[in-house]
Amino acid sequence: MSLAHICLVWQMKSEVRKPSIIATSPSLVTEKTSCGCTLLHLAVIYSLRSFLLAILALVAGNIAYVNAQNTLGSYSCNTCSHHCEHDSRHQSIREGTALHYACLMGRLDIAEDLLKAGANWKKKDSKGRTPSELLFGC
1 MSLAHICLVW
11 QMKSEVRKPS
21 IIATSPSLVT
31 EKTSCGCTLL
41 HLAVIYSLRS
51 FLLAILALVA
61 GNIAYVNAQN
71 TLGSYSCNTC
81 SHHCEHDSRH
91 QSIREGTALH
101 YACLMGRLDI
111 AEDLLKAGAN
121 WKKKDSKGRT
131 PSELLFGC
């Protein structure tokens with residue numbers, strides 16, 4: 001099952017009955033899409049906060065994972081492009097962290113979760129933008 005399929009399955013399940021997909025297959029957390037997005041990126045892109053919290057619990061203390069950057073930009077990835085074709089804002093980020101996406105989407109709740117997990121507020125994407133610049137539209 002691809003990372004995008006996992007996100008979609010998670011999204012469709014009721015909050016009460018969600019299976020612990022990542023608990024039974026923790027290696028999924030380290031997989032990346034063709035554009036370099038991690039499962040954490042996808043949880044943010046698909047606005048799956050409960051999924052994001054489950055991932056953060058599993059990777060607690062792994063600051064490098066929380067600050068992982070995608071490589072090509074989500075517009076070039078079949079896994080991510082399904083969502084990005086409906087929201088072109090995502091297409092502008094290359095070498096962005098999950099925090100970049102959360103700020104771009106105005107998801108302060110998710111941004112706060114990422115910051116508590118060790119996300120770097122000053123990390124720059126390929127255009128030199130920090131998450132705060134995306135949040136405030138600078």
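Residue 1 is where the sequence shown starts when you use the numbering used here, and the numbers rise one by one after that. Each residue gets a CB set at the ideal place from its N, CA and C atoms; glycine is no exception.
Assign residue i to one of three DSSP states: helix, strand, or coil.
i, result
"CYS103", "helix"
"TYR65", "helix"
"GLU133", "helix"
"GLU112", "helix"
"VAL44", "helix"
"ASP125", "coil"
"ARG94", "coil"
Using only CA atoms, which one of the options lies nearest to residue i?
i, options, result
"ASP113", "GLY137, LYS122, LEU39, ALA54", "ALA54"
"TYR65", "THR130, MET105, ALA102, THR97", "THR97"
"TYR46", "TRP121, LEU104, PRO131", "LEU104"
"THR71", "ILE110, LEU58, GLU95", "GLU95"
"CYS35", "ALA68, GLY61, ALA60", "ALA68"
Between the C-alpha atoms of residue i and residue j, what's the straight-line distance to the nearest angstrom?
i, j, result
"GLY118", "ASP125", "17 Å"
"SER27", "ILE93", "26 Å"
"GLY137", "VAL29", "30 Å"
"THR130", "ILE63", "17 Å"
"SER132", "LEU56", "21 Å"
"GLY61", "LYS122", "19 Å"
"ASN120", "LEU40", "14 Å"
"LYS116", "GLY128", "23 Å"
Please return the same chain residues whose Cβ sits closer than 7 Å to the Cβ of residue i, not counting the five positions on each side in sequence.
i, result
"LYS32", "THR38"
"ILE110", "VAL44, ARG49, LEU52, ALA102"
"HIS100", "ILE93, ASP125, PRO131, LEU134"
In chain order, what residues of the same chain lie with their CB nearer than 8 Å to the CB of residue i, ignoring the 5 residues before and after it?
i, result
"GLY106", "LEU135"
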